[in-house]
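Asker:
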Amino acid sequence: MTASTVEAARAVAEPAHYWTRQRKIGVGLSAVGLLAAVLFGALASARTAEFTLAETISGSAVGINGRVGAIVFGVIAALAGAAMLVAARRWFNWLLGLGIVATLVSFLCWQLSQAPENLNTIPLGSVARSSVTLALPLVLGALAGVLCERSAVINVAIEGQFLMGAFAAAMFATLAGSVWIGILAAGVGGLIIGLLLAVLAIRFLVDQVVLGVVLNVFALGLTGFLYEQLMAKDQTRFNQPTFVPEWDIPGLSKIPLLGPALFKGNIFLYGAIVLVILIHVGLFYTRWGLRTRAVGEHPAAADTLGVKVLALRYRNVLIGGIVAGFGGAYFTLLSTTNFNKNMTSGLGFVALAALIFGRWSPIGSMLAALFFGFCSALAVSLGSINSPIPSAFLNMLPYIATIIAVAGLVGRVRAPAADGTPYIKG
Amino acid sequence: MANDDISLTVEPGEIHALLGENGAGKSTLMNVLYGLLQPDEGEILVDDKPVRIRGPRDAIAAGIGMVHQHFMLVPVFTVAENVMLGAEQTTGGPVGFLDRRRARKLVREVSDRYRLAVDPDRTVEDLPVGVQQRVEIVKALTRDVDLLILDEPTAVLTPQETADLLEIMRTLKAAGKSIVFITHKLKEVQAIADRITVIRRGRTVGTAAPDTSEEELASLMVGRSVLLRVEKGAAEAGAPVLEVAGLAVNDDRGHRAVDGVDLTVHAGEVLGIAGVQGNGQTELIEAIMGLRPVVAGSTTLEGRPTLGLSTRDILRAGVGYVPEDRSVDGLVKDFTVAENLVLDIYNTEPFGTRWVIRPDAIAESARARVEQFDVRTDASGQAAVGTLSGGNQQKVIVAREFSRPLKLFIASQPTRGVDVGSIEFIHRQIVHERTEGTAVLLVSSELDEVLALADRIAVMYRGRVIAVVSPDTPREEIGLLMAGVTTEAAGTAKDGQSDD
Amino acid sequence: MTEQTTATAEDLAAAGADQLPPPKTFAGRYLRNLWTANTFTVTVLAVLLALVIGGILIAISDENVRATTSYFFSRPGDFFSLSWDKVSDAYAQLFKGSIVDPTAVQAAANGTGKWERVFFPISETLTYAAPLALTGLAFALAFRGGLFNIGVQGQAIMGAVGAALAGFLLPLPVGIHLVVALIVGAAFGGAWGFVPGILKARTGAHEVITTIMLNYVALFFLGWLIVQKGVQDPERSDAISKPVDDSAQLTHLLGFVGPSLRVNLGIVVAILVVAAVAWLLRRSTFGFELRAVGLNPEASRTAGIGVGSTYALVMTVAGALAGLGGATIVMGTAVSLTGAVIGSVGFDGLLVGLLGRAKPWGVFFAALLFGALQAGGNRMQSFSGISLELVGVIQALIVIFVAAPALVKTVFRLKPAKVSGLGTGMSKGW
């Protein structure tokens, strides 16, 4: 009797589908590029479209005939798409990036060539800066989400934490006459919602999505009520904080494009950068992070090794609340200097989308947030050059981008395995 | 009450088997020892000193380690990360930076010392079950335990892997560790145990020496002799009903799970699929049922191709299906028994039409089925199915699938977690359906069940059917096949199959 | 096996029953039952708790009450009496504004006042309740199908848009016009619900994210639409559309008593739709599929139910219900589209759906309660100077307590009993 072990090689080869994901996307990109070349080329005028790396539209700029630019960059995008049909897989991301950027430039050539005289310049430095600025609350909100969801508590209440943070920051910064007190209070404001979320989800096992949604309504009502009862009656006493100071980093802030975006910042910008690094290092290189991820993936395994599952969840949800509350202060101490009812306008949910889009990682979330920030910044810029596209549709851009991002990516991302499930011993 | 006045003493350097049927209370007892459950009364003594074990941390401190039946491993972590979790090697003081190098070194050391062959850098979810189990053992050993509890460790292993595990247990014993070995498999107990404690319905019913006969142990364990054989006549195989050719299917993560399977099931026969769980059986059945996309190959039902048909079309073509995971795929737990009994036919006469359902007709039919299939619930069938016992839930599924005329009946692990009485009942129903001329495809990881019911046995290993043998084949040979070891004899049987 | 079943039954009995012997009298049993954590008791206590917390907020946000805290330890009586005055006055106004004002009844009875004043609070409550019942159903129906429809607001906006466009653009005869406008409203809402439904079915995109984003898209669309030529009211410079034709306005039911009684056919539509949804859930194959998929999509798929198509259909129907809600507002009370035409009726619908435990008639009664809070809140705002936002806080608190029956049980030390929970487990991760 001769014995042999069956070897592991595959008996049936994967049928070679010609239409891989890369090729499908390539065809799509080519179509978009050609459409851009034809449509934007036809709509554009022959006037010059100018691009400058500076923050203002005065000064030197690179110009191109609008119609020529629209057509040329549309064709470049189409070629990038076509290249995807033949290129190796490692080129995919580069080609996709090139295609998207070229399409965008083609679009801008059209828009700028139609802009009024003296407004046909797009200050890329300013776009970069406002992209980063607009992304800040999203980064902080998404980080709060990372902290909660990595330990398996779904946080849909980021919006509510923003509102509480924004309200507390405005009120206490005004009362104390100090933005720093305001920022501390914002942390406490977010913490309150975090505490409710933690206790009700972990101790009382309330469904976490339901809970998050209801906590948002609660925060909306509470801040609205206090606004009407206190702030609306005496704005100067309760609702007149100042801006947080701007801290330039000497030298670095002079770098074109990146300088104004990254080194002419404030507490929120530097805070967000520090937090992204801290949480990234914390999650993947420390004992706390290892335990947090274990609790998010397989709490029973962590429990059998003596990790205190519930205590860790409480702690992380509370820290998350503070981070989101800090993000909320952005709305009243940086983007404006007063609190208004429902002023966060759903950005807490965009932060949640950034978290998912960023695959539950701090760095991924930050990049996703920057993408949404860029969409918003673009909408603002186009508004300022009197774009023929109605501003309402430009304002829809970040929201529609979110839908496309989430719909296109889900299935390829994996949430922490225990996300949303309460842990009950035994 | 799962445990009632149980006493157990384990000596140093001893392998102590804890023998009992499913649900006898073995795992409960061990969870108490490990601090996952608290006892209502009684005490635990370690080295003759009473200890209080409030949680796993106390258990580990007292020198008790445990390998759970369902592994307590974080799938996305590496081996080293899993081992260090809870007792991390760190630097940087209170910040606690992970010292992965030290953790890796520790895993290698322990792995080498006890010959466990575990690579610290592999991600756990990519490892075979046998290796994952060894990771669990490493985890316990790095915590310097003196007593290791192994909860049903062989349930998921091939016979070869089981032999390896027994060898490891001997090594551990030689190193002075005590082992509590929980199982319901008599042969393994006889092979390795120094002492045997049998428990039944939460009570100790006796201790035995390892040379006690199998029959004696079995009757101690279940309280009466078990008849696993089902009375059945010879198969009268008719025309082919289900034909599967060159089927290839991927699992959820895109890895190839079924890799070129050919199978034929004839009318009036039971084709049993034997194999250790996770060798592609689940994906094979899901592909046949239209629940999982097929990469290559074909399936036909009475000559009609079924690829591309919806699950509903396949069910309505005369296929009955008992899914592997009853509570996830089989039943809507908050639905009543009556609603679950029509889950697949609610919109056909007489239960409903295209647009409306008829609750009266559904309830009436439920009363009849509950009686016919001996489902223990209130007679009206209006209780939520989730309130029934496991065996009765399974009977509801079987009743539902047998309530329409079938050409093919597919049952995946039909008696998993089901009490002995229900097992017998379900087995009789399956044999009855076969005798009526239905083709039956049975998947079970319990070799005994396959041997008892099947007329032909296909053995699956790593996504392939490596042999089709007769149920008279010796157990050992089938066991080798399940481990992927083909022999000439098996090869011949496979050739025989191609005559079909 | 027999032993096993009996043991389970005993365990259940031991867990469910009280250890004490049952009281002998009927009244005793009644009181015992009242103090167990059944659905009704939990709901009532949740409302009570929410009102108490609301009262605390009223007290601490009042200037005069706050002033007494500075000398609280020397004269605590001031603090409590002033707080009590403030809170009791506010809640009295809440009651008078939503149910009945006794002085108005007295006046009408002895001929010094109009009956209109007597019916006004109820009329207002029902007016607010009608769209809330519809948006509540839009949430509840999706919830029963295992979907978390936060897009009710956007769907209701689109419904209002559709109904308004049909209401002033289509020249149709009386009667038909009304029906057509309602249908167009439902169709617009349904289309807005279909998008996240089909995205969920096809790509698995989580509906929580997509529906929220669509809310904002709908809001911007509305803002753009109402300033377009042909839509904007030509006699106005601000952002407001033309009014809906008379033939497409919902008839005021109590118009004959007085012109201020706004309650209209909307409430009739709401009741009919609640009954229809109740029937749909219980008796239709779609309802069966919806419930099965909501409770266990895997088992439904295994039993041959098309889970994806069910999701798409559920969201479409839910969107249509929300659209009807928006339509009844623009056809009943608002008449013209503005940026805030539907207020927050969509978001409130989520709370109504949750409070009604996602059951059609439960949703209806929850809508009545919320409608009453809204109507009473208006009076409370104008008579006691308490911001209407407080109503939002109270509503959210009620739902938090209802969603956490364990919390209410702990606070009031209720005896255990079965609480009807929220059916589907939503949080299955992303």
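For the record, the sequence lines run as chains A, B and C. Just so it is clear: in the first sequence, position 84 is 84 by the numbering used here, and no numbers are missing. When you read off a place in the second sequence, starting at 1, and then add 1000, the result is the number in the numbering used here. When you read off a place in the third sequence, starting at 1, and then add 2000, the result is the number in the numbering used here. All residues carry an ideal CB built from backbone N, CA and C; glycine is no exception.
Would you kindly report the start and end of the unbroken beta strand (DSSP E) that includes ASN65 of chain A?
Answerer: Residues 62–65.
Asker: The ligand GDP and TYR2216 of chain C: does the residue's C-beta get closer than 7 Å to at least one heavy atom of that ligand?
Answerer: Only the bare structure without any ligand can be found here, which leaves the ligand GDP out of the picture.
Asker: Which two residues bound the contiguous beta strand (DSSP E) that contains ALA25 of chain A?
Answerer: According to the sequence shown, residue 25 of chain A is Ile rather than Ala. Note, ILE25 of chain A: premise wrong, no beta strand (DSSP E); alpha helix (DSSP H) at 21–43.
Asker: Could you have a look at VAL1342 of chain B and say whether DSSP puts it in helix, strand or coil?
Answerer: The answer is coil: DSSP assigns VAL1342 of chain B none of H, G, I, E or B.
Asker: Use the C-beta contact count for ARG2291 of chain C: other C-beta atoms within 10 angstroms, 16 or more gives buried, fewer gives exposed.
Answerer: So ARG2291 of chain C ends up on the buried side.
Asker: Taking 8 Å as the threshold (beta carbon to beta carbon), is GLY1528 of chain B in contact with chain C?
Answerer: One cannot answer for residue 1528 of chain B here, as it falls past the ends of chain B, which runs 1001 to 1500.
Asker: Would you mind stating whether GLY1063 of chain B and GLY306 of chain A have Cβ atoms separated by less than 8 Å?
Answerer: Against a cut-off of 8 Å, the Cβ pair of GLY306 of chain A and GLY1063 of chain B comes out as no contact.
Asker: When we look at the beta-carbon of TYR2071 of chain C and count the other beta-carbons within 10 Å, is it buried (16 or more) or exposed?
Answerer: With fewer than 16 Cβ atoms within 10 Å of its Cβ, TYR2071 of chain C is classed as exposed.
Asker: Does any C-beta atom of chain C lie closer than 8 Å to the C-beta of ASN338 of chain A?
Answerer: ASN338 of chain A does not count as touching chain C.
Asker: State the start and end residues of the unbroken alpha helix (DSSP H) segment that holds ILE183 of chain A.
Answerer: 179–198 is the span of the alpha helix (DSSP H), which, as asked, contains ILE183 of chain A.
Asker: With a cut-off of 8 Å, does the C-beta of TRP2192 of chain C fall near any C-beta of chain A?
Answerer: No - not a single Cβ of chain A is within 8 Å of the one on TRP2192 of chain C.
Asker: Which stretch, first to last residue, makes up the alpha helix (DSSP H) that contains PHE1409 of chain B?
Answerer: Counting along the chain, PHE1409 of chain B falls outside any alpha helix (DSSP H), though it belongs to the beta strand (DSSP E) covering 1408–1412.
Asker: Can the beta-carbon of LEU2137 of chain C be found closer than 8 Å to that of VAL2363 of chain C?
Answerer: Yes.
Asker: For my contact list, GLN1413 of chain B and SER1389 of chain B are in at a C-beta cut-off of 8 Å; report their separation, rounded to the angstrom.
Answerer: Contact flag wrong, Cβ pair sits at about 17 Å.
Asker: Interface residues of chain A around VAL1180 of chain B at Cβ under 8 Å?
Answerer: The premise fails here: VAL1180 of chain B is roughly 16 Å from chain A at the closest Cβ pair, so nothing lies under 8 Å.
Asker: Measure the CB-CB distance between LEU104 of chain A and SER365 of chain A and report whether it falls below 8 Å.
Answerer: Contact: no.
Asker: Taking the alpha-carbon positions, what's the GLY1246 of chain B to ILE1457 of chain B distance?
Answerer: The alpha-carbon atoms of GLY1246 of chain B and ILE1457 of chain B are separated by roughly 18 Å.
Asker: Quick check: the stretch 181–197 of chain A against the stretch 347–356 of chain A, are there 3 or more CB pairs under 8 Å?
Answerer: As far as the Cβ criterion goes, the stretch 181–197 of chain A does not touch the stretch 347–356 of chain A, which means the pair count is below three.
Asker: Determine, using beta carbons only, whether ILE356 of chain A comes closer than 8 Å to chain C.
Answerer: Yes, ILE356 of chain A lies at the interface with chain C (some Cβ there is under 8 Å from its Cβ).
Asker: What are the boundary residues of the beta strand (DSSP E) that GLY325 of chain A is part of?
Answerer: Where GLY325 of chain A is concerned, there is no enclosing beta strand (DSSP E), although the alpha helix (DSSP H) it sits in stretches over 309–330.
Asker: Would VAL1189 of chain B and LEU1157 of chain B be called neighbours here (beta carbons separated by less than 8 Å)?
Answerer: Contact: no.
Asker: Any beta carbon of chain B sitting closer than 8 Å to that of GLY2304 of chain C?
Answerer: Closer than 8 Å to some Cβ of chain B, the Cβ of GLY2304 of chain C qualifies, so yes.
Asker: In angstroms with no decimal places, state the Cα-to-Cα distance between VAL1465 of chain B and PRO1359 of chain B.
Answerer: C-alpha separation (whole angstroms): 45 Å.
Asker: ARG1456 of chain B lies in the beta strand (DSSP E); which residues open and close that run?
Answerer: It spans 1456–1461 - the beta strand (DSSP E) in which ARG1456 of chain B sits, taken as one unbroken run.
Asker: Output the distance between the C-alpha atoms of ALA417 of chain A and GLU297 of chain A, rounded to the nearest integer angstrom.
Answerer: Their backbone Cα atoms lie some 5 Å apart in a straight line.
Asker: Listing by chain order, which chain B residues have their CB less than 9 Å from the CB of HIS280 of chain A?
Answerer: Those within 9 Å of HIS280 of chain A in chain B number zero; the least Cβ separation is about 13 Å.
Asker: Would the beta-carbon of GLY1318 of chain B fall within 8 Å of that of PRO1210 of chain B?
Answerer: Not in contact: GLY1318 of chain B and PRO1210 of chain B (Cβ atoms no closer than 8 Å).
Asker: Could you compute how far the alpha carbon of SER1225 of chain B sits from the alpha carbon of PHE2040 of chain C?
Answerer: Here the model assigns SER1225 of chain B a pLDDT of 45, short of 50, so the residue's position is not dependable, and the following value carries that caveat. Their backbone Cα atoms lie some 53 Å apart in a straight line.
Asker: Buried or exposed: which applies to GLU50 of chain A, given that a residue is buried once 16 or more other Cβ atoms fall within 10 Å of its Cβ?
Answerer: Counting Cβ neighbours within 10 Å, GLU50 of chain A comes out buried, since at least 16 surround it.
Asker: With 7 Å as the limit, tell me which residues of the stretch 2261–2295 of chain C have their beta carbon closer than that to any beta carbon of chain B; keep them in chain order.
Answerer: Listed in sequence order: ARG2283, SER2284, THR2285, PHE2288, ALA2292 and LEU2295.
Asker: According to the neighbour-count rule (16 or more other Cβ atoms, all chains shown, within 10 Å of its Cβ), is ASP303 of chain A buried or exposed?
Answerer: Per the 10 Å Cβ criterion, buried.
Asker: If you follow the beta strand (DSSP E) that ASP1151 of chain B is in, where does it begin and where does it stop?
Answerer: Residues 1147–1151.
Asker: If the cut-off is 8 Å on Cβ atoms, which residues from the stretch 2218–2251 of chain C count as contacting chain A, listed in chain order?
Answerer: Residues PHE2220, PHE2221, GLY2223 and TRP2224.
Asker: Could you tell me the boundaries of the alpha helix (DSSP H) in which TYR2128 of chain C lies?
Answerer: First-last of the alpha helix (DSSP H) with TYR2128 of chain C: 2115–2144.
Asker: Do the stretch 191–204 of chain A and the stretch 155–175 of chain A meet, that is, are 3 or more Cβ pairs less than 8 Å apart?
Answerer: With a cut-off of 8 Å, the stretch 155–175 of chain A and the stretch 191–204 of chain A count as touching, because enough Cβ pairs lie within range.
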